[in-house]
Every structure is written in C-alpha cells, then in structure tokens.
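Below is one structure, written out as structure tokens, with a few remarks after it.
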Amino acid sequence: MILLYMMSAFYILAGLNHFRAPGFYMPMMPPYIPGPKRMIYLSGLAEIVFGALLLWPPARSFAAWSLIFMLIIFFSVHIYMYQERNTVFRKIPNLIIIARLPLQFVLIFLAYLYT
1 MILLYMMSAF
11 YILAGLNHFR
21 APGFYMPMMP
31 PYIPGPKRMI
41 YLSGLAEIVF
51 GALLLWPPAR
61 SFAAWSLIFM
71 LIIFFSVHIY
81 MYQERNTVFR
91 KIPNLIIIAR
101 LPLQFVLIFL
111 AYLYT
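Position 11 (the sequence shown) corresponds to 11 in the UniProt record's numbering; numbering is contiguous.
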C-alpha cells in the first residue's frame with residue numbers, strides 16, 4: 001500500500017506542478033503538439049485525477065491503465081528532449097535526459113501493478 005500512496009502522491013504533485021509552473025514545461029513540448037499550454041494544463045489535470053483515482057479501489061484499474069496510456073504518450077516528449085539535447089536542452093545534463101527514457105518504462109510497470 002505504501003507504493004500505491006507514493007504513486008498517487010507523485011502524480012498528484014506532478015499534476016499540480018503543471019499549474020504552478022507551466023512555463024517549466026513549455027520548452028519540453030514538441031512543436032507538432034497543438035496548443036502546448038492547453039496540453040500542459042490538460043496533462044496536469046489528468047495526472048491529478050488519475051493519481052487520486054488510484055486510491056479509490058473501484059477506479060484503480062481504470063486509473064492505472066489511464067496513467068499507462070499517458071506515459072506512452074509522454075514518451076514522445078522525452079524523445080523530443082533527447083533529439084534536441086544539444087540545442088534546446090543543452091543546459092540539462094545528457095545523463096538526466098537519457099535517464100528519463102527508461103524511467104518511463106519503470107513508471108509504466110509500476111502503474112501496471114495496479115491494473
């Protein structure tokens with residue numbers, strides 16, 4: 001249960017951060033995503049909602065599958081960051097950018113535990 005509470009808190013706090021500091025996420029948005037600021041807010045809202053739903057047993061599986069779907073979609077953002085690591089993201093250490101790619105699979109696996 002500790003892992004479940006940690007996951008829920010992680011997604012809720014990450015989602016809240018989308019509203020607290022949307023400018024932080026703007027450079028991460030690939031140019032092919034329409035309405036990037038709107039997408040930042042929508043993804044933040046989704047993280048809050050699905051993170052909270054993880055704690056409600058009847059909705060836990062739905063929330064976990066929804067988070068998996070989101071993480072797969074977010075993978076394109078991480079690939080974009082990797083592709084632009086020497087230009088847009090040159091101030092971020094390559095190790096951090098590269099580490100985010102396999103981290104997505106870990107997060108997907110953790111969410112899958114609750115499907």
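We put the beta carbon where it would ideally sit given N, CA and C, even for glycine.
Computed from a predicted structure; not experimentally measured.
Host alpha helix (DSSP H) of residue i (start-end)
{"i": "LEU54", "result": "Unbroken run through LEU54: none, as it is neither H nor E."}
{"i": "ILE33", "result": "Segment: none, ILE33 is in no alpha helix (DSSP H) and carries neither H nor E."}
{"i": "PRO107", "result": "Inspection of the sequence shows that residue 107 is occupied by Leu rather than by Pro. Start and end: 94-112."}
{"i": "ARG90", "result": "First-last for ARG90: undefined, no H or E at that position."}
{"i": "MET6", "result": "2-20"}
Whole-angstrom C-beta distance between residue j and residue i, which should lie under 8 angstroms
{"i": "GLY44", "j": "ILE12", "result": "In fact, because the Cβ distance is near 10 angstroms, the residues do not count as touching under 8 angstroms."}
{"i": "ALA64", "j": "TYR114", "result": "4 angstroms"}
{"i": "TYR112", "j": "ILE73", "result": "No, TYR112 and ILE73 are not in contact; Cβ-Cβ is about 16 angstroms, not under 8 angstroms."}
{"i": "LEU71", "j": "LEU107", "result": "5 angstroms"}
{"i": "TYR82", "j": "ILE97", "result": "6 angstroms"}
7 angstroms Cβ cutoff, residue i in contact with chain C
{"i": "TYR82", "result": "In the structure shown, chain C cannot be found, because there is only a single protein chain."}
Spatial distance of residue i from residue j (CA atoms)
{"i": "MET29", "j": "ALA14", "result": "16 angstroms"}
{"i": "SER61", "j": "LEU54", "result": "8 angstroms"}
{"i": "TYR25", "j": "MET7", "result": "21 angstroms"}
{"i": "ARG90", "j": "PHE105", "result": "24 angstroms"}
{"i": "PRO34", "j": "GLU47", "result": "19 angstroms"}
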